[in-house]
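Trainee: The working numbering numbers the first residue of the sequence shown as 198 and each following residue consecutively. This is the structure I have questions about; it appears just below.
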Amino acid sequence: TRWTSYIDASPKTVETYTKAIKQFFIYLQDNGIRQPQREDVVAYREYLKEDHKPTTVQSYLASVKLFFQWTEREGLYPNVSDRVKGAKIDTEHKKDYLTTKQVNKLLSWVDTSTLKGMRDYAMLALMVTTGLREVSISRANIDDIRTVGDTTALFYQGKGHEEKADYVKLEDRVEEAIRDYLKARGEKKEDAPLFASIANRNNGERMTTRSISRTVKERLGDVGLVSDRLTGHSLRHTFATLNLLNGGTVEETQQILGHKNINTTLIYSHALERAKNDSEKRVAKAIFG
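Below, the structure written as structure tokens:
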């Protein structure tokens with residue numbers, strides 16, 4: 198349709214926008230609105246806020262705004278969503294990160310004498326030293342491990358990209374852990390998934406993002422790190438934070454994380470500035486000696 202061609206995005210993005218705009222139409226129908234005005238879009242935003250997170254509200258509103266931009270451009274209907282503000286999003290990360298000591302404990306706790314242990318260790322080490330998203334870990338194939346210059350790298354499909362054109366470098370310990378796991382697994386096909394399930398019903402099949410997330414949560418639980426704010430995504434935050442703490446620049450961190458907007462990366466930097474502020478300690482020392 199003309200609407201979907203106007204979006205001009207990947208099939209998955211088009212599907213997301215299409216689903217979101219359908220929800221808006223359902224809202225209009227349920228409320229008997231035949232000719233929506235700006236106040237109706239505002240009311241829809243408030244309706245969404247009741248049961249959805251700010252990021253979800255933003256996503257739904259983005260589709261509505263894009264839709265009315267299109268209707269106005271096509272001369273079908275005025276853009277009644279113009280200048281409607283979205284939901285305010287907190288600029289702090291919703292997930293916590295691990296300290297260096299916690300990462301060491303997490304990795305050392307994994308029993309690598311079993312195939313599952315070898316897989317989990319390799320996967321955790323890869324995630325925490327590269328900041329890769331769970332979806333990139335899930336999509337990774339064995340033949341995505343290639344050579345760049347004098348370094349071994351893992352190529353992956355960056356957010357919003359169609360092909361596996363981006364890469365992260367595999368440090369020696371991480372590469373060794375991955376190769377040990379693959380050797381123990383005995384996989385011969387190069388296009389096979391890098392990390393495979395060992396469950397009876399889907400043994401050898403690609404790990405899903407859900408199974409990766411569940412595995413990380415289980416391993417965190419093994420060392421007593423149990424919190425709703427600690428998930429698989431926490432390992433990505435851990436990579437960013439430890440990189441900055443150990444001399445990495447904001448620009449270097451932005452490049453590896455694939456953030457289009459440096460302000461997203463600066464959230465880490467600002468959080469660390471506060472963490473390094475020892476004002477409370479100085480005042481307490483002045484009072485208590």
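All C-beta atoms in this analysis are idealised placements derived from N, C-alpha and C, irrespective of residue type, glycine included. Note that the structure is predicted; figures quoted are calculated from it, not measured.
Closest by CA to A217, which one among T201, N228 and R231?
Mentor: T201
Trainee: What did DSSP end up calling L295 once you bin it into helix, strand or coil?
Mentor: Annotated three-state conformation of L295 is coil, per DSSP.
Trainee: Could you spell out the range, first to last residue, of the beta strand (DSSP E) harbouring T348?
Mentor: T348 to Y353
Trainee: Does DSSP put I230 in a helix, a strand or coil?
Mentor: coil
Trainee: Considering Cα atoms alone, identify which of D425, G383 and R407 is closest to I339.
Mentor: Ranking D425, G383 and R407 by Cα distance to I339 puts G383 first.
Trainee: Can you tell me which of the three DSSP states K366 falls into?
Mentor: strand
Trainee: Please go through the same chain and pick out, in chain order, the residues whose beta-carbon is closer than 8 Å to the beta-carbon of L321, but skip the five residues on each side of it.
Mentor: L303, L304, V307, V413, R416 and L432
Trainee: How is V345 classed by DSSP in three states: helix, strand or coil?
Mentor: If DSSP states are grouped into helix, strand and coil, V345 belongs with the strands.
Trainee: Which residues mark the beginning and the end of the alpha helix (DSSP H) in which G314 is found?
Mentor: First-last of the alpha helix (DSSP H) with G314: L312 to T327.
Trainee: CB T450 to CB L441, shorter than 8 Å?
Mentor: yes
Trainee: Are the CB atoms of F392 and A350 within a distance shorter than 8 Å?
Mentor: no
Trainee: For the region 398-409 and the region 351-370, state whether three or more C-beta atom pairs, one from each stretch, are separated by less than 8 Å.
Mentor: no
Trainee: Taking 8 Å as the CB-CB limit, is E384 close to chain D?
Mentor: Here there is only one protein chain, and chain D is not present.
Trainee: In whole angstroms, what is the alpha-carbon distance linking E372 and N399?
Mentor: 26 Å
Trainee: To the nearest angstrom, how far is it from the Cα of D205 to the Cα of K262?
Mentor: Those two C-alpha atoms are separated by around 15 Å.
Trainee: Give the secondary structure of A240 by DSSP, where H, G and I count as helix, E and B as strand, and everything else as coil.
Mentor: Correct three-state label for A240: helix.
Trainee: For the candidate residues W267, R330, H358 and G401, whose alpha-carbon lies nearest to that of T435?
Mentor: Residue R330 is the option with its Cα nearest to T435.
Trainee: Would you identify the three-state DSSP class for R382, choosing helix, strand or coil?
Mentor: helix
Trainee: Per DSSP, what kind of secondary structure is A389 in: helix, strand or coil?
Mentor: coil
Trainee: Using 8 Å for Cβ pairs, my map puts V447 next to L463. What's the rounded Cβ distance?
Mentor: 6 Å
Trainee: Based on DSSP bridge pairs, tell me the residues matched to R403.
Mentor: Answer is A393.
Trainee: Give me, in chain order, the residues of the same chain whose beta-carbon lies closer than 7 Å to that of Q266; leave out the 5 immediate sequence neighbours on both sides.
Mentor: N276
Trainee: Is D338 helix, strand or coil when you go by DSSP?
Mentor: The sequence as given places Asn at residue 338; Asp does not occur at that position. In this structure, N338 counts as strand in the three-state DSSP scheme.
Trainee: Is R242 buried or exposed, if buried means 16 or more other CB atoms sit within 10 Å of its CB?
Mentor: So R242 ends up on the buried side.
Trainee: For F264, which residues from the same chain have a beta carbon less than 6 Å from its beta carbon, with the 5 sequence-adjacent residues on both sides left out?
Mentor: I218
Trainee: Where do the N-terminal and C-terminal ends of the alpha helix (DSSP H) with A468 fall, by residue?
Mentor: I459 to A472
Trainee: Reducing DSSP to helix, strand and coil, say where L273 ends up.
Mentor: Coil at L273, not helix or strand.
Trainee: Going along the chain, which residues of its own chain have a beta-carbon closer than 6 Å to the beta-carbon of H430, five neighbours each way excluded?
Mentor: K292
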